[in-house]
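Q: For this note's numbering, add 56 to where a residue sits in the sequence shown, where the first one is 1.
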Amino acid sequence: MTRLRTVHRCSSCGSAQARWAGRCASCGDWLSLHEEPLSPPPGGVGGRHGLAVLSCPPGAGTARAEPRALAEVDLEGAPLLPTGIPELDRVLAGGLLPGSATLLGGEPGTGKSTLLLQVLASMAAAGRRCLLVAAEESASQIKRRAHRLEADLPQVFVAESTDLASIETAVLELAPQVIVVDSVQAVSDPSLGSPPGSLAQVSACAHALVTMAKSAEAALVLVGHVTKDGMLAGPRALEHLVDTVLSFEGDRYTSLRALRAVKHRFGPTGETGLFEMGEQGLVGVADPSSLFLGDRLAGSAGSAVAVPVEGYRAVLVEVQALVGRPSSVPRRYVTGLDPGRVGFLVAVLDKRAGVAVGDRDVYVSVAGGARAPEPATDLAVCLALASSLRDTPVPPGLVAVGEVGLGGEVRRVGAMVKRLTEAQRLGFSSALVPPHRGAMTRSGRPASSAVEVVAGTAGAFAQLPAPSLLAALAIAFGHRSVRGGANLKGGASVKGGASVKGGASAAHTQPTEGR
Ligand code: TYD
Ligand code: MG
57 MTRLRTVHRC SSCGSAQARW AGRCASCGDW LSLHEEPLSP PPGGVGGRHG
107 LAVLSCPPGA GTARAEPRAL AEVDLEGAPL LPTGIPELDR VLAGGLLPGS
157 ATLLGGEPGT GKSTLLLQVL ASMAAAGRRC LLVAAEESAS QIKRRAHRLE
207 ADLPQVFVAE STDLASIETA VLELAPQVIV VDSVQAVSDP SLGSPPGSLA
257 QVSACAHALV TMAKSAEAAL VLVGHVTKDG MLAGPRALEH LVDTVLSFEG
307 DRYTSLRALR AVKHRFGPTG ETGLFEMGEQ GLVGVADPSS LFLGDRLAGS
357 AGSAVAVPVE GYRAVLVEVQ ALVGRPSSVP RRYVTGLDPG RVGFLVAVLD
407 KRAGVAVGDR DVYVSVAGGA RAPEPATDLA VCLALASSLR DTPVPPGLVA
457 VGEVGLGGEV RRVGAMVKRL TEAQRLGFSS ALVPPHRGAM TRSGRPASSA
507 VEVVAGTAGA FAQLPAPSLL AALAIAFGHR SVRGGANLKG GASVKGGASV
557 KGGASAAHTQ PTEGR
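(1) Would you kindly work out how many angstroms separate the C-alpha atoms of Val422 and Glu465, rounded to a whole number?
(2) From Leu482, Gly483, Ala532 and Arg369, pick the residue whose C-alpha is nearest to that of Leu435; which is it?
(3) If distances are taken between C-alpha atoms only, which option among Ala370, Glu335, Val282 and Val375 comes closest to Glu206?
(4) Which of the three DSSP states is assigned to Ser345 in this structure?
(5) Please tell me whether Leu220 and Ala264 are closer than 8 Å, where the distance is taken between their beta carbons.
(6) What does the Cβ neighbour count give for Lys407, buried or exposed, with the cut at 16 atoms within 10 Å?
(7) How big is the Cα-Cα spacing for Gly540 and Phe484?
(8) Phe46 lies in the beta strand (DSSP E); which residues open and close that run?
(9) Within a Cβ cutoff of 6 Å, which residues of the same chain sit near Ala72, ignoring the five residues on either side of it in sequence?
(10) Specify the secondary structure class of Ala317 as computed by DSSP and reduced to three states.
(11) So, are the CB atoms of His320 and Ala190 less than 8 Å apart?
(12) For Asp238, which beta-bridge partners are listed by DSSP?
(13) Cα separation between Pro449 and Arg388?
(14) Check whether the stretch 253-273 and the stretch 303-316 are in contact - that is, three or more C-beta pairs closer than 8 Å.
(15) So Val214 and Ala195 are in contact, right, with Cβ under 8 Å, and what is the actual spacing, rounded?
(16) Is Leu188 near Val212, with beta carbons less than 8 Å apart?
(17) Give me the Cα-Cα distance between Phe348 and Thr166, rounded to the nearest whole angstrom.
(18) When the Cα of Gly380 is compared with those of Asp394, Gly253, Arg446 and Leu338, which residue comes out closest?
(19) Given the structure, does Lys572 come close to the ligand MG, in the sense that its CB is under 7 Å from one of the ligand's heavy atoms?
(20) Give the secondary structure of Glu92 by DSSP, where H, G and I count as helix, E and B as strand, and everything else as coil.
(21) Between which two residues does the beta strand (DSSP E) holding Glu224 run?
(22) Alpha carbon to alpha carbon, how far is Phe400 from Glu430? Give it in angstroms, no decimals.
(23) Measure the C-alpha to C-alpha separation of Arg146 and Ala370 and round it to an integer number of angstroms.
(24) What is the C-beta distance between Cys186 and Val240, in whole angstroms, given that I count them as a contact (C-beta under 8 Å)?
(25) Confirm, please, whether the CB-CB distance from Gly140 to Glu182 is below 8 Å.
(26) Do the CB positions of Ser377 and Val418 come within less than 8 Å of each other?
(27) Which whole-angstrom value describes the C-beta separation of Leu488 and Leu454, a residue pair presumed to lie in contact below a C-beta threshold of 8 Å?
(28) Whole angstroms are fine: how far does the CA of Pro123 sit from the CA of Leu278?
(29) Buried or exposed, going by whether 16 or more other CB atoms sit within 10 Å of the CB of Pro113?
(30) For the ligand MG, I want to know if Lys168 counts as a neighbour, meaning its beta carbon is within less than 7 Å of at least one of the ligand's heavy atoms.
(31) From Ser311 to Val385, what does the alpha carbon distance come to, in whole angstroms?
(32) Check each candidate in Asp130, Leu171, Pro164 and Ala125 and name the one with the smallest Cα separation from Pro142.
(33) Note down, in chain order, each residue of its chain lying with its Cβ closer than 7 Å to the Cβ of Arg75, except the 5 sequence neighbours on either side.
(34) Using DSSP with H/G/I as helix, E/B as strand and the rest coil, what is Pro246?
(35) For Thr391, write down the residues that DSSP places opposite it in a beta bridge.
(36) Would you report the Cα separation of Thr218 and Val243, rounded to the nearest angstrom?
Structure, rendered in structure tokens:
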């Protein structure tokens, strides 16, 4: 009797091991190894995961790899297919490439199916033949949604199937230019022997679909579910199979959704598309700053405006803080920021600026469901906390940009021009900024910020360089406020002439050299 040969495959990284162990030797994840039958790859092609390949180019594996001068290699000719959804096209650097594969990952309920239905409708309206492989929902469920979104156009076809071979047949019959498979985890190939949904099935089917899309020169989008800990099921195993990995994120209790390119072979990663989920599906957010600041109660204590950079855009967000009573076990509730970072800032405020928040419950949140985890928001978080503790508002026309260090120093951050230009566009009159070193304005004096250097528009917008947290609090609230808890209202004396509109006057701190 022959013994059934098996391997132990890691559900996180896809690597196979001969013996079971508590921890994957490849990626280090615990309890991620699962036993599965070892199936030899048909024809020996398909690589280390034992993948089935639907179609191989003639002579594959035997053709000579003839070296050519890179200068003589043609650029891939096929033009990008714009999706017609501006926020998505920006993330994709123009659109989907025929013959390429894109993986769209996200938690259930974020709106992946909705987004892709809208993409198909938009591309069909532009004359593309589109196929939606419905592996999870029935065609009539999709029809109902499509009808509501006005996406039931004649050029959008639906194939209801979970079977790899019948999906291939549908693609051969229709010859679509765009294929969406929703979701790749629901597709299986019974000939593989492993159970549907297992990592071996998902990676083999994904590989087969990618190969099929390449030979059909169709743009393929695979939907992939994200598990609780934020990983695509079979995550790394799928990521290396595709050209582009998009992550669709959003809290299901708010309408805001963010689309990010995690990997992109045909363009830069780091761009973010923003959407709002509404009655009519997903609508791109062209002006996120106005959205995030829309409900702001300017002049209320505990609120400060930060300018994080999302992808290549600077976005204004409101940081809100509420400092509670002293407690023997002070708690920290943080939304939209890195909780560890907030704990760090609480300690620095306490030690370096005399703002005694360390022994109190602290609630910090970025309003409107936005996320702003970058250190450039540190200064705004500190202002919001100090403002809440003293029950004194931050001047409403002021934004704060800068990282705060353990020594209480305000450190420089990138993309200042972008950040300050956006603040100016939204009607803010001044910005607390880190001190600028070295650069000169056109008139030859040291520049106080990057905007002054580049745009020479300092007149309309006051840039208030603060070398330290202490200086920043003095500028925002007035000098007497900072140590000893004196009442902040009324403002302190003005040195250097810069004034913060609508609030306390500000001492104009000159840039310091050699910090
Ligand atoms: P869905 O696209 O099914 O999410 P996913 O494919 O990522 O699981 O949509 C999820 C939610 O969006 C669902 O709870 C209903 C809501 N929704 C709207 O609010 N407006 C709409 O127009 C549509 C189509 C869905
Ligand atoms: Mg779905």
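Cβ atoms here follow ideal geometry from the backbone N, Cα and C, with glycine treated the same way.
A: Reading off the structure:
(1) 23 Å
(2) Ala532
(3) Glu335
(4) helix
(5) yes
(6) exposed
(7) For Gly540, the predicted structure reports a pLDDT of 40, less than 50, and the residue's modelled location is therefore unreliable. A value from the coordinates is still provided. Gly540 and Phe484: Cα-Cα distance of roughly 30 Å.
(8) The requested residue 46 does not occur in the structure, where the chain is confined to residues 57 to 571.
(9) Val63 and Arg65
(10) strand
(11) no
(12) Ala190
(13) 22 Å
(14) no
(15) 5 Å
(16) yes
(17) 19 Å
(18) Arg446
(19) The structure shown does not extend to residue 572, since the chain is modelled only from 57 to 571, so the question has no answer here.
(20) strand
(21) Glu224 -> not in any beta strand (DSSP E); alpha helix (DSSP H) instead, spanning Leu220 to Leu230.
(22) 14 Å
(23) 15 Å
(24) Wrong, their Cβ atoms sit about 17 Å apart, outside the cutoff.
(25) As written in the sequence, residue 182 is Ala, which differs from the Glu given in the question. Yes, they are a contact pair.
(26) One point to set straight first is that residue 377 is Ala, not Ser, in the sequence displayed. A contact, by the Cβ cut-off of 8 Å.
(27) 7 Å
(28) 33 Å
(29) Confidence is the limiting factor: at Pro113 the pLDDT is only 37, short of 50, which leaves the residue's position unreliable and the question unanswerable from this model.
(30) yes
(31) 34 Å
(32) Leu171
(33) His64
(34) helix
(35) Ser421
(36) 4 Å
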